[in-house]
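Trainee:
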Amino acid sequence: MNKKGLIEALTSVLSTKTEAKNATEKIFSTMQNALKSGEKVIVSGFGSFNIKLVRAKKMLNPKTRKVMLINPKKKVKFKPAKNLLI
């Protein structure tokens, strides 16, 4: 399921497709802002999202055979709730 499918599913509960789209956009933007500020986002019965710092690492470029330094970066990590696991 993608974002469009989620909006379609919410349309059956909310009165219009516009309301469903606005609700979906608000949920995602709120989660994104919380993660950007360093907060952990927990959705009970679904899972949790948090930011993980990936350290800098050295990689070998297969074409040039030179060692390259990959800069550190932040990634979003999702941990599913126990009852969500299949």
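The sequence shown begins at 514 in the numbering used here and counts up one residue at a time.
Every residue gets a Cβ at the ideal spot worked out from N, C-alpha and C, and that includes glycine.
(1) At what residues does the beta strand (DSSP E) containing residue 563 begin and finish?
(2) Is the beta carbon of residue 595 sitting closer than 7 Å to the one on residue 583?
(3) What's the gap between the Cα of residue 531 and the Cα of residue 542?
(4) Since I believe residue 560 is in contact with residue 591 (beta carbons under 8 Å), could you give me their beta-carbon distance rounded to a whole number of angstroms?
(5) Ignore the nearest five residues each way along the sequence and tell me which others in residue 568's own chain have a CB closer than 8 Å to its CB.
(6) Going by DSSP, name the residue or residues bridged to residue 597.
Mentor: Taking the structure as given:
(1) Against the sequence shown, residue 563 aligns to sequence position 50. Where residue 563 is concerned, the enclosing beta strand (DSSP E) stretches over 560 to 567.
(2) Numbered from its first residue, the sequence shown carries residue 595 at position 82. Numbered from its first residue, the sequence shown carries residue 583 at position 70. No, these two residues do not count as a Cβ contact at 7 Å.
(3) Looking up residue 531 in the sequence shown gives position 18. Looking up residue 542 in the sequence shown gives position 29. For residue 531 and residue 542, the distance between alpha carbons rounds to 16 Å.
(4) Here residue 591 refers to the residue found at position 78 when the sequence shown is read from its first residue. Here residue 560 refers to the residue found at position 47 when the sequence shown is read from its first residue. Correct: roughly 6 Å between the Cβ atoms.
(5) The residue given as residue 568 occupies position 55 in the sequence shown. Cβ neighbours of residue 568 beyond the five flanking positions: 585.
(6) Position 84 of the sequence shown, counted from the first residue, corresponds to residue 597. Per DSSP, none; premise fails for residue 597.
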